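So in the numbering used here, spot 29 of the sequence shown is number 86, and the numbers just go up one at a time.
The beta-carbon is built from N, C-alpha and C at its ideal position, and this holds for glycine as well.
From a predicted model like this one, the values you see are computed outputs, not experimental measurements.
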Amino acid sequence: MLARFFNDPAIADAATGSNSLWISRLLLVAILAPLVGLSLGWQSMAIWLALIIPIEIYSKWASDTLLKASPATFRTRMFFLAAAVAAVSAWLTLSLMLWFTDTPAYQMAAVCLWAGTLIYVQGFMHGSHVTLLAGGGPTTLVLIGAPLVDPPFSGVEQVMLMSMLILMTGFAWRASQVYYRTRQDLRETTHSLEDQKRAAEQASDAKSAFLATMSHEVRTPLNGILGMARLLERGAEDPAQQKQISTIIASGNLLTAVLNDVLDLSRIEAGRMEISPVEADLEATLAQAVSLFEGAARENGVTLSLDVDETLPRQIVFDPLRVGQCVSNLLSNAVKFTETGSITVSARSQPAEAEEDGDLRVFVAVTDTGIGISPEMAERLFTPFTQVDSSISRRFQGSGLGLSIVRRLANLMGGDASVESAAGQGSSFCIDFLARHGAALHEAANDEAELSQYRSRVREKRVLVVDDNAVNRQVASIFLADFDCEIMEAENGQDALDLLADGPFDLVLLDVHMPVMDGFKTASAIRESQEAWSQIPIVALTADAMTGDRDKCLQNGMDAYASKPLDPRQMLGAMVSAMESRRGDAPRPA
């Protein structure tokens, strides 16, 4: 019990207060010393200075020692408490020297010193019981004892003086107790908030770790499923089989979309989603999103069209990736919930407000003739994992995340998402975002020509596929076989290094998580090698798709990144990007 009394961490707070006023106390000593010499004599001044100066120096040392100790010990706390008692006693000694002169003016000065000492104790030593006793005990003893030992008055006057001193001292102690309790409550609240913050951070870290693991574990088999399904689709001649395979691919793509939605929501909630505005063609961005859903709309007998206002500038500065993602999510819902009629994607703009960070406010709406929803249920759709009712979740596939992500992304782009709808009368979902005028008009690149150029760049290359999963290696090999590539396979990084040492390669496709030697260590070993193949292009093919995973791959010596499940276009672009960054089209080392 006694040890806990003297081990109170709040003692360090008093040390901090003592340090903060140390210079002020020295200045006070310098001012009072000549006054003491003039009033009490130079000998008295010398005696007091000989007492106060060493004690103040010791007090500074003891405070610094306590504050620098990590952690503070019983010994360092006792050093400081001894210094606190000594410092208060040294100042009280001066007050006694003044009081016992029996000169009224000097006795008033002594009372002022007592009051100042009480204020100091109240303000800087009330944090713990032990510091309060160390400073307040001697002060109370002197403040009440001195007038009793050497009373300046008699009769009623003396009674009045003693009563006031006792009442003042009692009130000071009571106020100190209130300060102490308030400080304790504040400390407990602070500790509670810190504990809650740590718990929230741990929960967030656990959530991120779970999402990363879930993403990796789902993407790895999904890569094999979609890769093999695409291979079957190429060779299937029977229409029934083609339809079945298309269903497998569509289901796999849906699972990928749900997975991406979950990860996007996690990034947004963690504040890690970034908007990357570039100069691009908005109409081309919208047309690309529309083209993804034309087949599904046609199967439903629904007309899908794009209507862009002629006054909307063709080239503007915005984030085409996020706008395309928003429109795709809106179109996905529209196609799902519209069984007859039409779906129209429209775009217009208006000048931005003067205080807004942009030249234009762009509005993109997706209007359908689908089932519609009641106005009172509309806003619920923008809440994560929410759908209008359970029958919809049973009838239509979906996670309930799409519209929530649309609104969050629109907010990040300086806008919002809204809906106008009535049950049975269709819906109109609209996003708006800020944009700037483009510097010049650019022609949209021809996608087929670009793909053709990409294919020619990778044709007949010698490629090393490194992955511990046999299905993933098979999927990559099947894809590369279409380009007459010569393929070698390795199950881990060490095997890959051995193969690189044995023969020349043009490109390495490298998984990240592998036994023996993982992808990061493998890439680092390649780059640190003194061999000619140290500059070979490396593409990360990984199921890691969390925020920062791409940057981590690039920082560890890889040149491009493609996440699983592999999309042929994405993989092709990553291979070309890696070769261009390493001048991979030059003759490979022999």
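- Task: For P594, count neighbouring Cβ atoms within 10 angstroms of its own Cβ and tell me buried if that reaches 16, exposed if not.
- Result: Indexing the sequence shown from 1 puts residue 594 at position 537. P594 should be labelled buried.
DSSP three-state assignment for M330, whether helix, strand or coil
On the sequence shown, residue 330 is found 273 positions in, with the first residue counted as 1. Three-state DSSP puts M330 in coil, outside helix and strand.
- Cβ shell of L138 (< 6 Å), same chain only, five flanking positions each side left out: What you label residue 138 is simply residue 81 of the sequence shown in a count that begins at 1. These residues qualify, in order along the chain: A191.
Nearest to A90 by CA position, among D121, W79, L106, R255, is which residue? Here residue 90 refers to the residue found at position 33 when the sequence shown is read from its first residue. Comparing Cα-Cα distances from A90 to each of D121, W79, L106, R255, the minimum goes to L106.
Inset, instruction - Check the C-beta distance from S614 over to A492 and give it rounded, since I have them as a contact under 8 Å. - result: Along the sequence shown, read from residue 1 onward, the residue named residue 614 stands at position 557. Along the sequence shown, read from residue 1 onward, the residue named residue 492 stands at position 435. Residue 614 is actually Gly in this sequence, not Ser. Contact doesn't hold; Cβ gap of about 37 Å is too wide.
Where the alpha helix (DSSP H) through Q372 begins and ends: Sequence index remark: in the sequence shown, residue 372 carries index 315 (1-based). Q372 -> not in any alpha helix (DSSP H); beta strand (DSSP E) instead, spanning 372-375.
Going by DSSP, name the residue or residues bridged to L417. Here residue 417 refers to the residue found at position 360 of the sequence shown. In the DSSP assignment, L417 forms a beta bridge with P408, A492.
From L124, S127, M285, L218, residue whose alpha carbon lies closest to that of V168: For this step, residue 168 is matched to residue 111 along the sequence shown. Nearest C-alpha to V168: L218.
Assign E585 to one of three DSSP states: helix, strand, or coil.
In the sequence shown, counting from the first residue as 1, residue 585 sits at position 528. Of the three classes helix, strand and coil, the one that applies to E585 here is helix, per DSSP.
Q. Should S447 go down as buried or exposed, given a rule of 16 or more other Cβ atoms within 10 Å for buried?
A. The residue you call residue 447 lines up with position 390 of the sequence shown. A caution first: S447 carries a pLDDT of 46, below 50, which makes its placement in the model unreliable, though a value can still be read off. Under this definition S447 is an exposed residue.
| said: Does the region 254-264 come into contact with the region 508-524, if we say contact requires no fewer than three beta-carbon pairs (one atom in each stretch) closer than 8 Å? | reply: no
(Q) Alpha carbons only, please: which of F577, D525, L124, A547 is nearest the one belonging to G74? (A) Locating residue 74 in the sequence shown gives position 17, counting from the first residue. Of the listed residues, the one whose Cα sits closest to G74 is L124.
Among V528, P204, G202, V419, nearest to L343 - alpha-carbon criterion: Here residue 343 refers to the residue found at position 286 of the sequence shown. For L343, the nearest C-alpha among the options comes from V419.
Distance, Cα to Cα, V86 vs S249?
Start at 1 with the first residue of the sequence shown, and residue 86 comes out as number 29. Start at 1 with the first residue of the sequence shown, and residue 249 comes out as number 192. Roughly 42 Å between the two C-alpha positions.
Quick one: Cα of Q299 to Cα of A354, how far?
Within the sequence shown, numbered from 1, the residue matching residue 299 stands at position 242. Within the sequence shown, numbered from 1, the residue matching residue 354 stands at position 297. Q299 and A354: Cα-Cα distance of roughly 19 Å.
Check your understanding: When the Cα atoms are used, what is the spatial distance from P649 to A631?
Key -> With the chain running from 58 to 647 in the structure shown, residue 649 is simply not present.
* To do: Report yes or no: do the region 394-405 and the region 362-380 share at least 3 C-beta pairs separated by less than 8 Å?
  => yes
Quick one: Cα of V335 to Cα of S385, how far? Taking the sequence shown and counting its residues from 1, the one referred to as residue 335 is at position 278. Taking the sequence shown and counting its residues from 1, the one referred to as residue 385 is at position 328. Straight-line Cα distance between these residues: approximately 19 Å.
- Item | Span of the beta strand (DSSP E) around T133 | Locating residue 133 in the sequence shown gives position 76, counting from the first residue. Not the beta strand (DSSP E): T133 falls in the alpha helix (DSSP H), residues 131-156.
Q. Sorted by chain position, which residues of the same chain lie with C-beta nearer than 7 Å to E294's C-beta, five sequence neighbours on each side aside?
A. Here the question's residue 294 lines up with position 237 in the sequence shown. Result list for E294: empty, nothing under 7 Å.
For E113 and G212, I'd like the C-alpha separation in whole angstroms.
Position 56 of the sequence shown, counting from 1, holds the residue named residue 113. Position 155 of the sequence shown, counting from 1, holds the residue named residue 212. Taking the straight line from one Cα to the other gives about 40 Å.
8 Å Cβ cutoff met for L554 and I544
On the sequence shown, residue 554 is found 497 positions in, with the first residue counted as 1. On the sequence shown, residue 544 is found 487 positions in, with the first residue counted as 1. The answer is no: Cβ separation not under 8 Å.
In whole angstroms, what separates the C-alpha of V374 from that of I332? Position 317 of the sequence shown, counted from the start, is the residue given in the question as residue 374. Position 275 of the sequence shown, counted from the start, is the residue given in the question as residue 332. For V374 and I332, the distance between alpha carbons rounds to 12 Å.
_DSSP state of A337 mapped onto helix, strand, coil_ = The residue you call residue 337 lines up with position 280 of the sequence shown. Of the three classes helix, strand and coil, the one that applies to A337 here is strand, per DSSP.
| task | Please check the pair C487 and V421, which I expect to be a contact at CB under 8 Å, by giving their CB distance rounded to whole angstroms. | result | Numbered from its first residue, the sequence shown carries residue 487 at position 430. Numbered from its first residue, the sequence shown carries residue 421 at position 364. Yes, they are in contact, since the Cβ atoms of C487 and V421 sit about 7 Å apart, within 8 Å.
Q. Looking at C-alpha atoms only, which residue of W148, T130, W99 is the closest neighbour of L108?
A. Position 51 of the sequence shown, counted from the start, is the residue given in the question as residue 108. Nearest of W148, T130, W99 to L108, Cα basis: W148.
When you measure from the CB of P432 to every non-hydrogen atom of the ligand HEM, does any distance come out below 7 Å? Of the ligands one can find in the structure shown there are none, so the ligand HEM has no counterpart to examine.
Quiz item: With 16 as the cutoff for other CB atoms within 10 Å, does D489 come out buried or exposed?
Solution: As a working note, residue 489 is residue 432 in the sequence shown. Answer is buried; the Cβ neighbour count reaches 16.
*Buried versus exposed, by CB contacts within 10 Å (16 or more), S220*: Taking the sequence shown and counting its residues from 1, one reaches residue 220 at position 163. Burial call: exposed.
**Prompt:** Measuring CA to CA, which of R465, T395, R584, H186 is closest to E326?
**Reply:** Here residue 326 is taken as the residue at index 269 of the sequence shown, counted from 1. Relative to E326, the option among R465, T395, R584, H186 whose CA is nearest is R465.
State buried or exposed for Q253, treating a residue as buried only when at least 16 other CB atoms are found within 10 Å of its CB. Within the sequence shown, numbered from 1, the residue matching residue 253 stands at position 196. Its Cβ having fewer than 16 others within 10 Å, Q253 is exposed.
Can you check which of these residues, L151, G481, R238, G483, is closest to S185 by C-alpha distance? Along the sequence shown, one-based indexing puts residue 185 at 128. Of the candidates L151, G481, R238, G483, the one whose C-alpha sits nearest the C-alpha of S185 is R238.
To the nearest angstrom, report how far apart T424 and T395 are at their CA atoms. Walking along the sequence shown from the start, residue 424 turns up at place 367. Walking along the sequence shown from the start, residue 395 turns up at place 338. A direct Cα-to-Cα measurement between T424 and T395 gives close to 10 Å.
Note to self: For a quick check, are the C-beta atoms of M102 and A141 less than 8 Å apart?
What the structure shows: Taking the first residue of the sequence shown as position 1, residue 102 is located at position 45. Taking the first residue of the sequence shown as position 1, residue 141 is located at position 84. In this structure, A141 does not lie closer than 8 Å to M102 by Cβ.
Along the chain, where does the alpha helix (DSSP H) that runs through R464 open and close? By one-based count along the sequence shown, residue 464 stands at place 407. Unbroken alpha helix (DSSP H) run through R464: 459-469.
For D601, which option in V275, E245, V206, A260 has the closest C-alpha, if you only look at C-alpha atoms? As a first step, residue 601 is located in the sequence shown; it is residue number 544 there, counting from the start. Here the closest residue by C-alpha is V275.
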